[in-house]
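Encoded as structure tokens, the structure appears first; notes follow it.
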Amino acid sequence: MKLERRHSWSLSPKEAIALQNDLRHEVIADRPLDLSAIRTVAGVDVSVKNEVSQAAVVVMTFPGFEPVETALAQRPTTFPYVPGLLSFREGEVLVEAFEKLRHTPDVFIFDGSGYLHPRRVGIASHMGLWLGVPTIANAKNRLCGTNQESGPERGAWTPVIDRGEVVGAALRTRPGCKPVFVSPGHLADLDTTIELIMATSPKYRLPEPIRRAHKAAGVFG
DNA sequence: GCGACAG
DNA sequence: ATCTTGTCGC
């Protein structure tokens, strides 16, 4: 698919933070998703092995989770892992995979954060601006903020608050298991993000599209 | 200065 | 993320 915009990835951590401070004002994190209109969902993930990053984007039907398309891309890993700057480490290889995509999914689910970010521009939000398509985030750990422990039953959630603002939620997608930390990316809001994460995680802790993307990106491809 | 810190 | 065996629980 064709991307809405793009930029150089040759940035220093300092320049990356400056760019995030510009982009934060363009992120739309209060627009409800129309779940009934979603027909395809894409899972996004990146694996790193021996200085090489491999991106995987898996498009599947919703509901039903039937595979539709898988796009892969490889690039040397340059940018280091710095908490808060993940999109600058995985962005370039992801863009290459997005451009190979022949189908445009109705929404993308990222393995990482979105609005739940110190500057409100996690990888799901950043890539959302480039894609021009709704994106949501599903992280296995919390990047920032605080939250009370959510109930043990599936579907229970508590807000994650950072600097006095609700930026995401700790959501129990599977009873007894550790919750996932979800947040809107771009062109989505928290309530419908929670609904879609629950709808795409019927059996396991992680959303089906993320599980599929993780496997596709693994040390195989 | 000290602790926190997506993948 | 990645390195790795066994092990506790449903």
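In the working numbering, the protein residues as written are -19 to 201.
Idealized CB from N, CA, C, for every residue including glycine.
Because the structure is a prediction, the values reported are computed rather than measured.
Whole-angstrom Cβ separation of residue i and residue j, contact assumed at under 8 Å?
i      : j        : result
Val213 : Ile89    : No answer is possible for residue 213: it lies beyond the span of the chain, which begins at -19 and ends at 201.
Phe78  : Met(-19) : 6 Å
Gly125 : Ile141   : 6 Å
Leu186 : Asn121   : Rounded, the Cβ-Cβ distance is 12 Å, inconsistent with contact.
Glu31  : Pro(-7)  : Wrong, their Cβ atoms sit about 19 Å apart, outside the cutoff.
Pro164 : Ala9     : 4 Å
Gly44  : Trp(-11) : That pair is no contact at about 35 Å.
Arg154 : Tyr184   : 6 Å
Tell me which residue opens and which closes the alpha helix (DSSP H) that residue i is part of.
i      : result
Phe68  : Leu66 to Lys80
Gln128 : Note, Gln128: premise wrong, no alpha helix (DSSP H); not H, not E.
Please state the DSSP three-state secondary structure of residue i.
i       : result
Ser16   : helix
Ile8    : coil
Ala53   : strand
Asn118  : strand
Leu111  : helix
Asp171  : helix
Pro210  : Since the displayed the chain opens at -19 and closes at 201, residue 210 lies outside it and no answer follows.
Pro189  : helix
Pro(-7) : helix
Ser181  : coil
Asp86   : coil
Ala136  : coil
Ser27   : strand
Return the chain-ordered list of same chain residues with a C-beta closer than 7 Å to the C-beta of residue i, the five sequence neighbours on each side being excluded.
i       : result
Asn1    : Arg99
Ala(-4) : Leu65 and Phe68
Tyr61   : Arg69
Beta-carbon within less than 8 Å of residue i's beta-carbon, same chain only, minus the 5 sequence neighbours each way: which residues are those?
i      : result
Met275 : There is no way to answer for residue 275, as the model of the chain reaches only from -19 to 201.
Leu15  : Thr172, Glu175, Leu176 and Ala179
Lys222 : Because the chain here runs from -19 to 201, residue 222 falls outside it and cannot be looked at.
Leu234 : Given that the chain is displayed from residue -19 to residue 201, the structure contains no residue 234 and the question cannot be resolved.
Phe42  : Ile18, Arg19, Thr20, Val21, Asp86, Ala179 and Thr180
From what residue to what residue does the beta strand (DSSP E) around residue i run?
i        : result
His(-13) : Unbroken run through His(-13): none, as it is neither H nor E.
Gly165   : Val160 to His166
Thr41    : Val32 to Thr41
Val199   : Element bounds for Val199: n/a, residue is neither H nor E.
When you compare the CB positions of residue i and residue j, do they come within less than 9 Å of one another, or not?
i       : j       : result
Leu167  : Val101  : no
Gly135  : Leu111  : no
Val75   : Ser33   : no
His106  : Leu(-9) : no
Ile108  : Pro132  : Going by the sequence as given, residue 108 is Gly instead of Ile. No, the Cβ-Cβ distance between Gly108 and Pro132 is not below 9 Å.
Leu(-1) : Asp169  : no
So, at 6 Å on beta carbons, what are the nonlocal neighbours of residue i in its own chain, with the 5 sequence-adjacent residues on each side left out?
i      : result
Ala36  : Asp25, Leu52, Ala193, Ala196 and Ala197
Thr84  : Met(-19)
Val146 : Pro139
Pro159 : Ser130, Ala150, Leu151 and Arg152
Thr58  : none
Is any non-hydrogen atom of the ligand SAH found closer than 8 Å to the C-beta of residue i, if you look at the structure I gave you?
i    : result
Arg4 : Absent from the structure shown: the ligand SAH. Ligands present: none.
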